[in-house]
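In this note's numbering, the protein residues as written are 73 to 336. We treat Cβ as the ideally placed atom computed from N, Cα and C, and that holds for glycine.
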């Protein structure tokens with residue numbers, strides 16, 4: 073007996089979330105009896121369905137939001153800091169992760185509680201089932217946006233280092249957060265400099281056609297229009313600024329914004 077269309081898609085969605093993309097597609101295609109269908113297209117359609125329809129809380133009757141007995145203010149007072157998300161965005165090789173790690177070290181020395189969410193690290197676990205299609209990139213950012221929001225709401229200074237190339241995706245994350253929680257940090261650097269640096273050899277591989285959909289080569293990077301913090305990665309003479317110098321500029325803005333203390 074055939075499953076209902078929704079039940080079939082939900083089964084396929086569970087397979088997809090576990091990393092079994094081909095099995096997920098075969099479940100959908102097997103249910104409908106389609107032959108010679110574009111499997112990648114089916115996977116893409118399934119991911120879009122998961123993101124918009126599959127488990128819509130609005131259609132559920134038994135899922136409720138539970139408020140904590142400890143308020144955000146109480147947690148921030150305990151830590152003597154204000155929770156926020158520093159969202160590092162920029163091309164591959166722009167120094168996002170390096171500066172984020174340097175900043176985290178400086179904050180730690182000041183006794184501040186932080187968490188560093190790095191794009192590569194997150195793809196080893198939470199987002200390991202996602203690729204680099206526009207749909208997967210969108211879901212990649214949506215997930216980490218929700219995670220970082222939870223940390224900020226609990227008083228943590230949260231450092232997020234993702235290329236996050238699309239303005240719309242970054243805006244969706246910003247709109248999910250309270251006013252002042254989302255601080256966009258744009259690592260400003262010409263793509264030519266990134267290609268010269270190429271610490272991971274990714275630009276070379278992309279130019280050779282070994283990597284498809286690489287940001288800045290055959291997929292766009294959309295620069296922020298009004299980032300809270302803009303970091304010039306190299307100076308007017310073309311020399312790279314040190315991670316310590318760039319981190320210190322962010323630290324100054326955090327202090328000026330009142331994020332490093334709850335005391336009036």
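As a beta-bridge residue in DSSP terms, residue 312 pairs with 306. Take residue 267, set aside five residues on each side of it, and the residues of its chain with a beta-carbon closer than 7 Å to its own are 275, in chain order. If the five residues before and after residue 285 are omitted, its C-beta is found closer than 6 Å to the C-beta atoms of 204 and 291, all from its own chain and listed in chain order. In the structure shown, residue 267 adopts helical secondary structure according to DSSP, grouped into three states. If you check the CB distance, residue 335 and residue 208 do not come in under 8 Å. A straight line joining the alpha-carbon of residue 212 with that of residue 232 spans about 12 Å. In the structure shown, residue 171 falls within a helical segment according to DSSP collapsed to helix, strand and coil. In this structure, the alpha-carbon of residue 295 lies about 20 Å from that of residue 216.
In this model, residue 236 and residue 192 are separated by some 12 Å (Cα to Cα).
For residue 259, the pairing in a beta bridge is given by DSSP as 303.
For residue 255, the closest C-alpha among the options 299, 240 and 214 is that of 299. Residue 137 counts as exposed, since fewer than 16 other C-beta atoms from the protein chains shown sit within 10 angstroms of its C-beta. Remark: C-beta atoms of residue 229 and residue 185 approach each other more closely than 8 Å. Boundaries of the alpha helix (DSSP H) harbouring residue 222: 206 to 225, taken from the DSSP string. The C-beta distance from residue 221 to residue 195 rounds to 19 Å, too long to meet the 8 Å contact threshold.
Secondary structure of residue 158 (DSSP, three-state): strand.
Cβ neighbours of residue 226 within its own chain (closer than 8 Å, five residues either side excluded): 144, 147 and 155. Rounded to the nearest angstrom, the Cβ distance from residue 305 to residue 167 is 6 Å, consistent with a contact under 8 Å. Around the CB of residue 179, 16 or more other CB atoms lie within 10 Å, so the residue is classed as buried. Residue environment for residue 142: exposed (fewer than 16 other C-beta atoms within 10 angstroms of its C-beta). Only residues of its own chain outside the window of five on either side were considered, and among them 163, 164, 235, 237 and 293 have a CB closer than 8 Å to the CB of residue 287, listed in chain order. Assignment of beta-bridge partners to residue 291 by DSSP yields 287. Around the beta-carbon of residue 318, 16 or more other beta-carbon atoms lie within 10 Å, marking it buried. With respect to residue 303, residue 257 sits close: the two C-beta atoms are nearer than 8 Å. Counting only the Cα atoms, residue 223 lies some 26 Å from residue 297. Per DSSP, the beta bridge partners of residue 254 are 157. From the listed residues 239, 176, 329 and 308, the smallest Cα separation to residue 206 is found for 239. The distance from the Cβ of residue 175 to that of residue 301 is about 11 Å, inconsistent with a contact at the 8 Å cut-off.
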